[in-house]
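Peer 1: Protein chains in written order, with numbering that gives the first Met the number 0: chain A, 0 to 279; chain B, 0 to 434.
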Amino acid sequence: MSWRYVAGAILLHVVFMGVFALTLVSIGREAPPPQLAIQAMLVDQSTLKRPNPREQRARERAEAQRKQEQQRKEEEKQREQQKQREELERQQTERRTEEQRQLEAKQREDQQREQQQREQQEQSQREAKAKREAEVEAERKRVAEIERKQAEREAEQRKVAEKRAQETRESELRQQLEVEEGQQRMAQSGVTDKYRALIEAHIYRYWNRPPSARPGIECALTITQAPGGVVLTVNIGACNGDAVMRQSIENAVLRASPLPLPPDPRAFERVVILQFKPRD
Amino acid sequence: MINSALRYGLSLILLFTAMATQAQLTVVIERGQETAIPVAVVPFGWQSAQPAPFDIAKVVAADLQNSGQFDPLPREDMIDRPTQAKDIRFQDWRALKTDYVIIGSVIPEAGGRFRAEFGAYNVLTGQMLVQQQVTTDTAGWRKAAHAISDVVYQTLTGVRGVFSTRIAYVKVEGTVPKQNYTLIVADYDGENVSNIAKSSEPIMSPAWSPDAQSLAYVSFENRVSAIFVQTLRTGERRQVSARAGINGAPAWSPDGKTLALTLSRKDGDVDVYTLQLATQLLTRMSFDPGIDTEPVWSVDGRKLYFSSDRAGSPQIYEIDIDQPEKATRVTFEGTYNARPRLSPDGKRLATVHLDQGNFRIAISDTTTRSLQVLTQGRQDESPSFAPNGAMLIYATQERGRGVLANVSADGRIGGRIPDAGGDVREPVWAPFVTK
Numbered sequence: 000m001s002w003r004y005v006a007g008a009i010l011l012h013v014v015f016m017g018v019f020a021l022t023l024v025s026i027g028r029e030a031p032p033p034q035l036a037i038q039a040m041l042v043d044q045s046t047l048k049r050p051n052p053r054e055q056r057a058r059e060r061a062e063a064q065r066k067q068e069q070q071r072k073e074e075e076k077q078r079e080q081q082k083q084r085e086e087l088e089r090q091q092t093e094r095r096t097e098e099q100r101q102l103e104a105k106q107r108e109d110q111q112r113e114q115q116q117r118e119q120q121e122q123s124q125r126e127a128k129a130k131r132e133a134e135v136e137a138e139r140k141r142v143a144e145i146e147r148k149q150a151e152r153e154a155e156q157r158k159v160a161e162k163r164a165q166e167t168r169e170s171e172l173r174q175q176l177e178v179e180e181g182q183q184r185m186a187q188s189g190v191t192d193k194y195r196a197l198i199e200a201h202i203y204r205y206w207n208r209p210p211s212a213r214p215g216i217e218c219a220l221t222i223t224q225a226p227g228g229v230v231l232t233v234n235i236g237a238c239n240g241d242a243v244m245r246q247s248i249e250n251a252v253l254r255a256s257p258l259p260l261p262p263d264p265r266a267f268e269r270v271v272i273l274q275f276k277p278r279d
Numbered sequence: 000m001i002n003s004a005l006r007y008g009l010s011l012i013l014l015f016t017a018m019a020t021q022a023q024l025t026v027v028i029e030r031g032q033e034t035a036i037p038v039a040v041v042p043f044g045w046q047s048a049q050p051a052p053f054d055i056a057k058v059v060a061a062d063l064q065n066s067g068q069f070d071p072l073p074r075e076d077m078i079d080r081p082t083q084a085k086d087i088r089f090q091d092w093r094a095l096k097t098d099y100v101i102i103g104s105v106i107p108e109a110g111g112r113f114r115a116e117f118g119a120y121n122v123l124t125g126q127m128l129v130q131q132q133v134t135t136d137t138a139g140w141r142k143a144a145h146a147i148s149d150v151v152y153q154t155l156t157g158v159r160g161v162f163s164t165r166i167a168y169v170k171v172e173g174t175v176p177k178q179n180y181t182l183i184v185a186d187y188d189g190e191n192v193s194n195i196a197k198s199s200e201p202i203m204s205p206a207w208s209p210d211a212q213s214l215a216y217v218s219f220e221n222r223v224s225a226i227f228v229q230t231l232r233t234g235e236r237r238q239v240s241a242r243a244g245i246n247g248a249p250a251w252s253p254d255g256k257t258l259a260l261t262l263s264r265k266d267g268d269v270d271v272y273t274l275q276l277a278t279q280l281l282t283r284m285s286f287d288p289g290i291d292t293e294p295v296w297s298v299d300g301r302k303l304y305f306s307s308d309r310a311g312s313p314q315i316y317e318i319d320i321d322q323p324e325k326a327t328r329v330t331f332e333g334t335y336n337a338r339p340r341l342s343p344d345g346k347r348l349a350t351v352h353l354d355q356g357n358f359r360i361a362i363s364d365t366t367t368r369s370l371q372v373l374t375q376g377r378q379d380e381s382p383s384f385a386p387n388g389a390m391l392i393y394a395t396q397e398r399g400r401g402v403l404a405n406v407s408a409d410g411r412i413g414g415r416i417p418d419a420g421g422d423v424r425e426p427v428w429a430p431f432v433t434k
C-alpha cells in the first residue's frame, strides 16, 4: 500500500469538505426567497404609512414607463400628422410649380410671337429707311456740289479782301514806324506811355458802350483837367457816331473824373485828347 | 525899322510854334462796358393828397427794365422825388450813381381827361434831353404810359421803342382728348389779354398782317385744317384756304396782298405756295418731294425763306419769287435749322436750332452766315422779332408747361413774359401800327 495514495485521498477529502463548507456558508447567507405568483406579505399597520422605498421605486418606474409609452404614442401620432401635412404641402407645391411652369411656357410663347412681329416691323422699317437714305444721299451730293462752288467763290473773295488788307496794313505800318520814331525822340516816352495806359484803364470802366458803338465809329473828346485830375471842360471834336454815342462818351469822362495822376508828375498834361474807337 | 519889325514877326512866329508844340496827350480808348444804364423814374406828381388814379412811373420803369438796356432805381432808394425840372438836385442823383432821371406830373383837365407832363435829364451834365406831354382819359392811361416809355427809350438809345406794340399767342387748356384752344392778343408785356378765337379743336400758326390789324391762323374747327383771316377790331373773319390735305404756316407779304402758305393738296407732297388774297391765285413755290414749309418773306417781298428737309434734316432755303425752281441753302451750321423768321431790317435770320441736343433760338447774319445761339433752354421754339429788331419773343418750357420769354438780339439779356396761364405756345410780335 502506498502512503501516497492515502495522503492524496485525505487531501482530496479536505479540499472537497472545505469547498462544501464554504458553499454552505455562502448559501446560508444569501438564500433568495422562493418566487411565488402572488407575493402577499403580512404587513404591520405601522409600516403602511411609511412608503416602502422599494415599492415606491417600482411604482415610479411603472409610472415612468407608462408616461414614456404615452409620450411615444404621442410622438408617433405627431409624426404621423406631420408626415400628412408635409405630404399635403408637397402636393400643393407640386401643383403650384406645375402651374408656374405652364404660365412661363405661355409667356415664352407670347414673347416669341411678339418678337416675331417686332422683327417683321423692323424689317419693313429698315427697308423704308434704306430707300429714304438713298434719296437723301442723292440730295446731299447735289448740295455738296453747290457748297463746293460757293466755297470756291468765297475763297476768291477772301483772296481779294486779303490783298487789300495787306496793302492797308503795309501803309499803316509805315505810318506807325514814323510815329514811333517821333515818340522815341521824346525824353520821357516811357513815363508818358504809362500815364496813357493809366488813363485808358480808368476811363474804359466808366464808358457804358451803346449798341451803336460799332467798329468804324471814331469820336475825339478833348478835355482839360486841373492839376489834381478833376475834369474842367469837355469838348466833342470829330465824331461820326450818333447822339447816343456822344452822350455816352461825355458821360463816361464826367463820371471818371478825377482822372488818375501820372507816377512822374512831369508827365502831367492839362489837355488830353480821348479818341474813342470801339473795337469788337 | 525893318529889323525891329522882322524881330517882332520872328518872335510872333516863334511864339506860335511854341504854342503849337505844347504837348497834348492823346489816349485811345477801344473798349467799354456793356451794362444796363442806371436810370431813375421818379413817381409822377399829383395835385391832391389822395393817391394818383394810376401809377405812370411804375409802368415806365417796368418798360425800360423789360428792354434789358436799363436798370431802374428802386423807389425806396430815391432820396427825393422832384416833379419839376427846377427841383432836381443833380448832385443827389450823381451820388446814387444814376445816369438819367425821368420826372413828370399828372394834371387833371376838363372832361375827365388828364395831362401827363414828363422830362428826361442827363444827371452828369444837367442837360434836359426831352420834355413832352401826353393826354389821356382814365381808360387809356396804360397806353399813355407806354407812349412815354417809347419817347424816353428813343431819346436815350436812338432806337424806336416797342412798348406800345402787341403780341399774339395760342393758349391750350385741359388734357387730351378734351382740350380748349384760345388765340390771344395782349400788350407786349403780357397785360390787357383779349381772346380772339376759341375752339375745342387746334388753333395754330398765328401771323400778323403788316398793318397789325388782322391775324391769319390755322384752325381745325371743321375737323380738317383751314386758314382763316380775322380782322381784330370788327371780329369779322373769312376762310382763305381749305384745300385737301394740309393748310398751314400762313405768312403775309410786306404789302399785305399775298399769303405764303404750306399745302399738301391731293398728292401729299408738303410744299410752299403763294396765294393772292384778292384773286385766290395759287402759285407753287417749292418742288422737292421732301417737306418744304414755314415760309417767310424778305423785306422787299421778292424772296421767300422756308425750311426744307431735302438735305436730310431741316435747313433754311431761299428762293426768288420769279424763279422758285432755283433754291439756295442759307444755313450751314448745325444739323437742324427750322422755323425761319427775318429781322425787320432783313439782316438777320432767327431759327430754331439744334444745339448739343437742345432746341434753342439762334440768329444768323444773312450776309456772313455766322450763327450765334441766343437762348439756353431745352425746347425753345417759335422765335419772333420785335418790330425794332432789338429783341425776340419765343416759347419755352417751364415746369412742364409752355411759357413765353424774350431775349435781346445779342443774347445778352432775357426774361419771362407773364401769360394768361395754361400751356402757351407760338407767340408772334405784331409790327408797329404806324410806320
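Heads up, the beta-carbon is just placed ideally off N, CA and C, and yes, glycines get one too.
Taking only beta-carbon positions, decide if Lys276 of chain A is within less than 7 Å of chain B.
Peer 2: So yes, Lys276 of chain A belongs to the interface.
Peer 1: Give me the residue from B:Thr233, B:Ile290, B:Leu258 and B:Ser381 with the minimum Cα distance to Leu460 of chain B.
Peer 2: Residue 460 of chain B lies beyond the residue range present for chain B, which begins at 0 and ends at 434; the question has no answer from this structure.
Peer 1: Measure the C-alpha to C-alpha separation of Gly421 of chain B and Arg159 of chain B and round it to an integer number of angstroms.
Peer 2: Using only the alpha carbons, I get a separation of about 32 Å.
Peer 1: Go through its chain and collect everything with a Cβ distance to Gln130 of chain B's Cβ below 6 Å, but skip five positions before and after it.
Peer 2: So the list reads Gly118, once near-sequence residues are dropped.
Peer 1: Should Arg338 of chain B be labelled buried (16 or more other beta-carbon atoms within 10 Å of its own) or exposed?
Peer 2: Classification of Arg338 of chain B: buried, given that the 10 Å Cβ count is 16 or more.
Peer 1: Assuming contact is defined by CB atoms lying nearer than 7 Å, are Val41 of chain B and Ile78 of chain B in contact in what I supplied?
Peer 2: No.
Peer 1: Taking all protein chains shown into account, do 16 or more other C-beta atoms lie within 10 angstroms of the C-beta of Met444 of chain B, making it buried, or fewer, making it exposed?
Peer 2: For residue 444 of chain B there is no data in the structure shown, the boundaries of chain B being 0 and 434.
Peer 1: What is the residue span of the beta strand (DSSP E) that Thr154 of chain B lies within?
Peer 2: Where Thr154 of chain B is concerned, there is no enclosing beta strand (DSSP E), although the alpha helix (DSSP H) it sits in stretches over Trp140 to Thr156.
Peer 1: For Gly157 of chain B, which residues from the same chain have a beta carbon less than 6 Å from its beta carbon, with the 5 sequence-adjacent residues on both sides left out?
Peer 2: So the list is empty, once near-sequence residues are dropped.
Peer 1: If contact is defined by three or more beta carbon pairs under 8 Å, each pair taking one atom from either stretch, is the region 230 to 246 of chain A in contact with the region 155 to 167 of chain A?
Peer 2: These segments do not touch.
Peer 1: Put Arg338 of chain B into one of helix, strand or coil per three-state DSSP.
Peer 2: Looking at Arg338 of chain B - three-state DSSP - the assignment turns out to be strand.
Peer 1: Taking all protein chains shown into account, decide if Tyr4 of chain A is buried (16 or more other Cβ within 10 angstroms of its Cβ) or exposed.
Peer 2: Exposed.
Peer 1: By the 10 Å Cβ neighbour count, where 16 or more other Cβ atoms means buried, how is Ile183 of chain B classified, buried or exposed?
Peer 2: The residue is buried, with at least 16 neighbouring Cβ atoms inside 10 Å.
Peer 1: Identify, in the order they occur along the chain, each residue of the same chain with its Cβ nearer than 8 Å to the Cβ of Thr256 of chain B, setting aside the five sequence neighbours on each side.
Peer 2: Contrary to the premise, residue 256 of chain B reads as Lys rather than Thr in this sequence. Around Lys256 of chain B: Gln275, Leu276 and Ala277.
Peer 1: Determine which residues share a DSSP beta bridge with Asp70 of chain B and list them.
Peer 2: Answer by DSSP bridge pairing, in chain order: B:Pro37.
Peer 1: Pro417 of chain B and Ile392 of chain B: beta carbons closer than 7 Å?
Peer 2: Cβ distance not < 7 Å, so Pro417 of chain B and Ile392 of chain B don't count as in contact.
Peer 1: What did DSSP end up calling Met18 of chain B once you bin it into helix, strand or coil?
Peer 2: Confidence at Met18 of chain B is low in this model, with a pLDDT of 44, below 50, so the placement of that residue should be treated as unreliable; the coordinate-derived value is given next. Helix, per DSSP.
Peer 1: Please state whether DSSP places Ile272 of chain A in a helix, a strand or coil.
Peer 2: The answer is strand: DSSP assigns Ile272 of chain A an E or B state.
Peer 1: Using DSSP's beta-bridge definition, name the partner residues of Pro107 of chain B.
Peer 2: Bridge partners of Pro107 of chain B: B:Phe113.
Peer 1: Is the beta carbon of Arg269 of chain A closer than 7 Å to that of Thr223 of chain A?
Peer 2: For Thr223 of chain A and Arg269 of chain A, yes; Cβs fall inside 7 Å.
Peer 1: Thr20 of chain B to Phe275 of chain A, Cα distance in whole Å?
Peer 2: At Thr20 of chain B, the pLDDT of 48 sits below 50, so the modelled position is not reliable; the number obtained from the coordinates is stated separately. Thr20 of chain B and Phe275 of chain A: Cα-Cα distance of roughly 23 Å.
Peer 1: Going by DSSP, name the residue or residues bridged to His352 of chain B.
Peer 2: DSSP lists B:Asn336 and B:Arg359 as partners of His352 of chain B.
Peer 1: Looking at C-alpha atoms only, which residue of B:Val105, B:Phe43 and B:Glu172 is the closest neighbour of Ser198 of chain B?
Peer 2: Of the listed residues, the one whose Cα sits closest to Ser198 of chain B is B:Glu172.
Peer 1: Check Gln165 of chain B in the structure and name its three-state DSSP category.
Peer 2: Reading off the sequence shown, one finds Arg at residue 165 of chain B, where the question assumed Gln. In the structure shown, Arg165 of chain B sits in a strand (DSSP, three-state: E or B).
Peer 1: Using 7 Å as the limit for Cβ to Cβ distance, is Thr156 of chain B near chain A?
Peer 2: It does: the Cβ of Thr156 of chain B has a partner Cβ on chain A nearer than 7 Å.
Peer 1: Output the residue ranges of the alpha helix (DSSP H) runs that lie fully inside the region 52 to 113 of chain A and measure 4 residues or longer, sorted by chain position.
Peer 2: Runs found: none.
Peer 1: Using beta-carbon positions only, say whether Ala248 of chain B and Glu200 of chain B come within less than 7 Å of one another.
Peer 2: No, these two residues do not count as a Cβ contact at 7 Å.
Peer 1: Does the separation of the CB atoms of Leu353 of chain B and Gly376 of chain B fall below 7 Å?
Peer 2: The answer is no: Cβ separation not under 7 Å.
Peer 1: How should Trp251 of chain B be labelled, buried or exposed, when 16 other C-beta atoms within 10 angstroms of its C-beta is the threshold for buried?
Peer 2: Trp251 of chain B is buried by the Cβ-count criterion.
Peer 1: In whole angstroms, what is the alpha-carbon distance linking Val271 of chain B and Val217 of chain B?
Peer 2: If you take the alpha carbons of Val271 of chain B and Val217 of chain B, they lie about 15 Å apart.
Peer 1: For Pro226 of chain A, which residues from the same chain have a beta carbon less than 6 Å from its beta carbon, with the 5 sequence-adjacent residues on both sides left out?
Peer 2: Same-chain partners within the cutoff: there are none.
Peer 1: Which whole-angstrom value describes the C-beta separation of Arg93 of chain B and Val59 of chain B, a residue pair presumed to lie in contact below a C-beta threshold of 8 Å?
Peer 2: With 8 Å as the limit, Arg93 of chain B and Val59 of chain B do not qualify as a contact, their Cβ atoms being about 21 Å apart.
Peer 1: Hey, Gly44 of chain B and Thr82 of chain B: beta-carbon distance below 7 Å or not?
Peer 2: Yes, these two residues count as a Cβ contact at 7 Å.
Peer 1: Determine, for Ile202 of chain A, whether the minimum Cβ-Cβ distance to residues of chain B falls below 7 Å.
Peer 2: So, interface residue.
Peer 1: Could you check where the beta strand (DSSP E) with Met390 of chain B kicks off and where it finishes?
Peer 2: Unbroken beta strand (DSSP E) run through Met390 of chain B: Met390 to Glu397.
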